[in-house]
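**Student:** In the numbering used here, the protein residues as written are 8 to 426. Built from N, CA and C at the ideal position, the CB exists for glycine as well.
1. Over what stretch of residues does the beta strand (DSSP E) that includes residue 340 continue unbroken?
2. Mapping the DSSP letters down to three states, classify residue 34 as helix, strand or coil.
3. Rounded to whole angstroms, what is the Cα-Cα separation between residue 182 and residue 234?
4. Grab the span of the beta strand (DSSP E) containing residue 120 for me, first residue to last.
5. According to DSSP, what are the bridge partners of residue 407?
6. Considering only C-alpha positions, which residue in the set 128, 152, 43, 109 is nearest to residue 291?
7. Taking the beta carbon of residue 223 as the centre, do at least 16 other beta carbons fall within 10 Å, making it buried, or is it exposed?
8. Identify every residue that forms a DSSP beta bridge with residue 150.
9. With DSSP as the reference, please indicate the residues paired to residue 53 in a beta bridge.
10. Do you know how far the Cα of residue 322 is from the Cα of residue 25?
11. Flag this pair as yes or no: are the beta carbons of residue 92 and residue 310 separated by less than 8 angstroms?
12. Starting from the C-beta of residue 387, find all residues in its chain whose C-beta is less than 7 angstroms away, skip the five residues before and the five after it, and write them out in chain order.
13. Considering only their Cβ atoms, is the gap separating residue 148 from residue 15 smaller than 8 angstroms?
14. Pull up the distance between the alpha-carbon of residue 78 and that of residue 315, whole angstroms please.
15. Is DSSP giving residue 324 helix, strand or coil here?
16. Can you have a look at residue 145 and say buried or exposed, based on whether 16 or more other CB atoms are within 10 angstroms of its CB?
17. State the CB to CB distance for the pair residue 140 and residue 112, rounded to an integer number of angstroms; the pair is presumed to be in contact (CB under 8 angstroms).
18. Check residue 110 in the structure and name its three-state DSSP category.
19. Quick check: the Cα distance between residue 129 and residue 421, rounded to an integer number of angstroms?
20. Would you check if the distance between the CB atom of residue 273 and the CB atom of residue 171 is smaller than 8 angstroms?
21. Please identify the residue among 367, 202, 205, 360 whose C-alpha is closest to the C-alpha of residue 350.
22. Could you give the DSSP three-state label for residue 64: helix, strand or coil?
23. Would you identify the three-state DSSP class for residue 371, choosing helix, strand or coil?
24. Quick check on DSSP: helix, strand or coil for residue 280?
25. Could you check how far apart the C-beta atoms of residue 325 and residue 127 are, in whole angstroms? I think they sit under 8 angstroms.
26. Nearest to residue 89 by CA position, among 160, 83, 136, is which residue?
27. Classify residue 212 as buried or exposed, calling it buried when 16 or more other Cβ atoms lie within 10 Å of its own Cβ.
28. Kindly list the residues whose CB is nearer than 7 angstroms to the CB of residue 279, restricted to its own chain and excluding five residues on each side of it in sequence; keep chain order.
29. Where are the beta strand (DSSP E) runs, 3 residues long or more, that stay fully inside the stretch 159-213, in chain order?
30. Quick one: measure Cβ to Cβ for residue 173 and residue 277, integer angstroms, because I've assumed they're closer than 8 angstroms.
31. Can you tell me whether residue 179 is buried or exposed, with buried defined as 16 or more other CB within 10 angstroms of its CB?
32. Leaving out five residues on either side along the sequence, give the residues of the same chain with a beta carbon under 6 angstroms from the beta carbon of residue 299.
33. Per the DSSP calculation, residue 135 is bridged to which residue(s)?
34. Can you have a look at residue 133 and say buried or exposed, based on whether 16 or more other CB atoms are within 10 angstroms of its CB?
35. For residue 45, which of 138, 84, 52, 117 has the nearest alpha-carbon?
36. Taking just the CA atoms, how far does residue 71 sit from residue 117?
Here it is as structure tokens:
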């Protein structure tokens with residue numbers, strides 16, 4: 008029979024890599040709690056209409072990348088979530104989370120996009136998302152950027168540069184859109200097929216084109232910054248003051264527009280040169296209109312998401328080694344009485360907070376001791392029928408000099424914990 012393999016672009020995380028994932032997840036959860044963010048968990052399948060309404064129908068995600076299917080039971084159109092913000096906002100509205108106070112929330116988990124798989128871009132990928140719902144003003148924008156900078160320090164990542172921009176208000180963008188469409192319309196013969204299609208539906212996205220033939224045209228395009236009103240300019244300037252006060256270096260990238268329609272005012276990206284084309288590892292911004300757009304009462308909001316696979320790849324590029332959880336004891340046993348006592352002894356040791364590998368599958372004492380040594384455990388605990396009859400064990404150090412000693416299980420646990 009032919010082998011069944013994983014779907015292309017949806018990868019297994021094997022034990023040899025899981026230690027790095029666990030380290031990263033533990034570090035991130037501790038970091039988020041230190042800023043007062045609370046966990047929320049949403050389903051991975053949502054009504055397709057949610058993403059069309061939130062992300063925008065004229066976007067690459069909705070047009071080309073979503074995994075959408077019809078539920079055979081009731082005919083509903085459902086989609087595997089391509090990003091987390093829309094789901095988080097939907098949950099906040101559905102469960103009335105903003106009734107009493109604004110919310111600092113975070114989530115982790117898989118997202119799905121039907122793209123051509125390559126390093127750093129997968130069909131099932133994982134994100135950590137942070138959403139601050141109900142907060143107006145640039146101070147929360149600044150917190151998001153400052154807190155990510157702190158995470159990079161905790162992870163030992165230095166090759167990350169911050170790019171920021173502002174998309175202004177909807178009125179600002181309407182003014183700018185008219186100027187941009189007029190400008191691009193004068194050069195329509197140069198535009199590629201995607202850009203011509205977006206010209207009258209989502210012209211800002213033309214500025215995000217990676218087509219080398221369009222870069223000179225894009226560079227000379229009208230700048231959104233020139234169309235901002237006084238309030239929008241102040242929001243952006245106040246953000247920059249806060250970043251400078253916090254010692255955060257940044258670059259203003261006027262072509263940074265993000266690929267989702269719901270953003271306004273601040274947008275930002277952390278980028279690296281170490282991962283090739285997939286150099287953006289964290290991105291986000293403000294989306295004050297999204298809560299109302301999905302069906303809630305108007306409320307300001309902002310957030311960001313980071314790509315777990317890309318950050319882990321960056322750690323590996325920097326030769327980072329995740330700490331492994333050490334095994335304290337490998338329990339070796341042989342004989343009928345010993346086998347019964349070994350199971351009980353292993354549980355007694357775990358009751359004392361120790362990490363115990365109980366040998367399974369039989370074998371001679373010699374072969375078991377080889378496995379004990381290869382396991383990385385600090386001690387071997389040896390039980391034969393003689394020890395079992397006396398209710399004792401033999402403790403043998405594996406990583407340091409020392410004589411093996413016979414003692415009770417409780418005495419062994421105490422000695423190991425002290426050591």
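**Tutor:** Walking through what the data contain:
1. 336-340
2. helix
3. 7 angstroms
4. Residue 120 -> no beta strand (DSSP E), and no H or E assigned at all.
5. None; residue 407 has no bridge partner.
6. 152
7. exposed
8. Answer is none; residue 150 lacks a bridge partner.
9. 86
10. 14 angstroms
11. yes
12. 337, 339, 376, 379, 403, 405
13. no
14. 30 angstroms
15. helix
16. buried
17. 7 angstroms
18. strand
19. 48 angstroms
20. yes
21. 367
22. coil
23. coil
24. coil
25. The pair is not a contact, with the Cβ atoms about 15 angstroms apart (cut-off 8 angstroms).
26. 136
27. buried
28. 166, 167, 286, 288, 321
29. 168-173
30. Their Cβ separation, rounded to whole angstroms, is 17 angstroms, which puts residue 173 and residue 277 out of contact at 8 angstroms.
31. buried
32. 305
33. 115, 313
34. buried
35. 138
36. 19 angstroms
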